[in-house]
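S.K.: Quick note: the sequence shown uses our numbering, first residue 58, plus one each step.
Ideal placement from N, C-alpha and C gives every residue a C-beta, glycine not left out.
Just dropping this structure here.
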Amino acid sequence: MAIRVATPADLDAVLAIEQASFSDPWTRGSFRSLLGGPHVYFPVLEVEGVLAGYAIALFAADEGELANLAVAPAWRGRGLGERLLDDVLAVGGVRGVRTTWLEVRESNAAARRLYARHGFVETGRRRRYYDDPVEDALVLRRLGQDVQRPA
Ligand SMILES: CC(C)(COP(=O)(O)OP(=O)(O)OC[C@H]1O[C@@H](n2cnc3c(N)ncnc32)[C@H](O)[C@@H]1OP(=O)(O)O)[C@@H](O)C(=O)NCCC(=O)NCCS
Numbered sequence: 058m059a060i061r062v063a064t065p066a067d068l069d070a071v072l073a074i075e076q077a078s079f080s081d082p083w084t085r086g087s088f089r090s091l092l093g094g095p096h097v098y099f100p101v102l103e104v105e106g107v108l109a110g111y112a113i114a115l116f117a118a119d120e121g122e123l124a125n126l127a128v129a130p131a132w133r134g135r136g137l138g139e140r141l142l143d144d145v146l147a148v149g150g151v152r153g154v155r156t157t158w159l160e161v162r163e164s165n166a167a168a169r170r171l172y173a174r175h176g177f178v179e180t181g182r183r184r185r186y187y188d189d190p191v192e193d194a195l196v197l198r199r200l201g202q203d204v205q206r207p208a
């Protein structure tokens, strides 16, 4: 198992996982435009040379957003999503991120369990945010370990 930064050669495999994972998938152009972006972290996870998952995170100052995370259906349930999430949080921490945000479909139980285990808490809801099927997004936030909360 290895995690490395995505390259243009990964886009076919990333797109195949994206299309197998979401009813409203991102386009190839969306992924391509993020490659190498200064505020973008786009890791891919390989198992025995096979691209099994990826994440897209955006970092700006002390805020981060996990914009995408997916594991190929055949590789789910083996902790790979967790490895990618751990990696994104660790890299964000090194880059000074203190608060990480994400949106998740309300019905996405597997992802919500994963995020809850990593300290994400629900802070809001975007009504009818997703299409196909129409569904609310939950807005989740994770505070960095070193954030001082008001007394
Ligand atoms: C969410 C996702 C990335 C998790 O990846 P993964 O490699 O399966 O994750 P892990 O193996 O680390 O498991 C994470 C949790 O999901 C659960 N899970 C994994 N596959 C599951 C499945 N098919 N059905 C139900 N739960 C499942 C695991 O049991 C685990 O929860 P638990 O430890 O509390 O039981 C993956 O399911 C996926 O790609 N889903 C489609 C895309 C998506 O929804 N991305 C998130 C958008 S916000």
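Among Pro-130, Leu-126, Val-148 and Ser-87, which has the Cα closest to the Cα of Glu-120?
M.R.: Here residue 120 refers to the residue found at position 63 of the sequence shown. Measuring from the Cα of Glu-120, the nearest candidate turns out to be Val-148.
S.K.: Check whether the Cβ of Glu-160 lies closer than 8 angstroms to any heavy atom of ligand 1, and answer yes or no.
M.R.: The count along the sequence shown starts at 1 and reaches residue 160 at position 103. Yes, the Cβ of Glu-160 comes within 8 angstroms of a heavy atom of ligand 1.
S.K.: So who's on the other strand from Ala-114, going by DSSP bridges?
M.R.: For the purposes of this step, residue 114 is taken as residue 57 along the sequence shown, with counting starting at 1. Per DSSP, Tyr-98 and Leu-123.
S.K.: For Gly-181, report the span of its beta strand (DSSP E) as first-last.
M.R.: Numbered from 1 along the sequence shown, position 124 holds the residue referred to as residue 181. Segment 178–187, the beta strand (DSSP E) holding Gly-181.
S.K.: Classify Trp-158 as helix, strand or coil using the three-state DSSP reduction.
M.R.: Residue numbering aside, residue 158 sits at position 101 when the sequence shown is read from its first letter. DSSP places Trp-158 in strand when its eight states are reduced to three.
S.K.: Could you give the distance in angstroms between the alpha-carbon of Trp-83 and the alpha-carbon of Leu-68?
M.R.: Numbered from 1 along the sequence shown, position 26 holds the residue referred to as residue 83. Numbered from 1 along the sequence shown, position 11 holds the residue referred to as residue 68. Near 12 angstroms, if we compare the C-alpha coordinates of Leu-68 and Trp-83.
S.K.: According to DSSP, Val-62 sits in a beta bridge with which residue or residues?
M.R.: Along the sequence shown, read from residue 1 onward, the residue named residue 62 stands at position 5. Val-62 is bridged to Pro-100.
S.K.: On the criterion of 16 or more Cβ atoms from any shown chain inside 10 Å, does Val-71 qualify as buried, or is it exposed?
M.R.: Residue mapping note: residue 71 aligns to position 14 of the sequence shown, counting from 1. Flag for Val-71 reads buried.
S.K.: Please tell me whether, using a cut-off of 8 angstroms, the distance from the CB of Ser-87 to the nearest non-hydrogen atom of ligand 1 is below it.
M.R.: Position 30 of the sequence shown, counting from 1, holds the residue named residue 87. Ser-87 Cβ: outside cutoff for every heavy atom of ligand 1.
S.K.: With hydrogens ignored, establish whether the beta-carbon of Glu-139 is closer than 8 angstroms to any heavy atom of ligand 1.
M.R.: Locating residue 139 in the sequence shown gives position 82, counting from the first residue. Yes, since a heavy atom of ligand 1 falls inside the 8 angstroms radius drawn around the Cβ of Glu-139.
S.K.: For the candidate residues Leu-123, Ala-118 and Gly-181, whose alpha-carbon lies nearest to that of Asp-143?
M.R.: As a position in the sequence shown, residue 143 is number 86, starting the count at 1. The residue with the shortest Cα to Cα distance from Asp-143 is Leu-123.
S.K.: Along the chain, where does the beta strand (DSSP E) containing Glu-192 start, and where does it finish?
M.R.: Along the sequence shown, one-based indexing puts residue 192 at 135. It spans 192–200 - the beta strand (DSSP E) in which Glu-192 sits, taken as one unbroken run.
S.K.: Can you find at least 3 beta carbon pairs, one from the region 184–198 and one from the region 152–159, that sit closer than 8 angstroms?
M.R.: A contact exists between the region 184–198 and the region 152–159.
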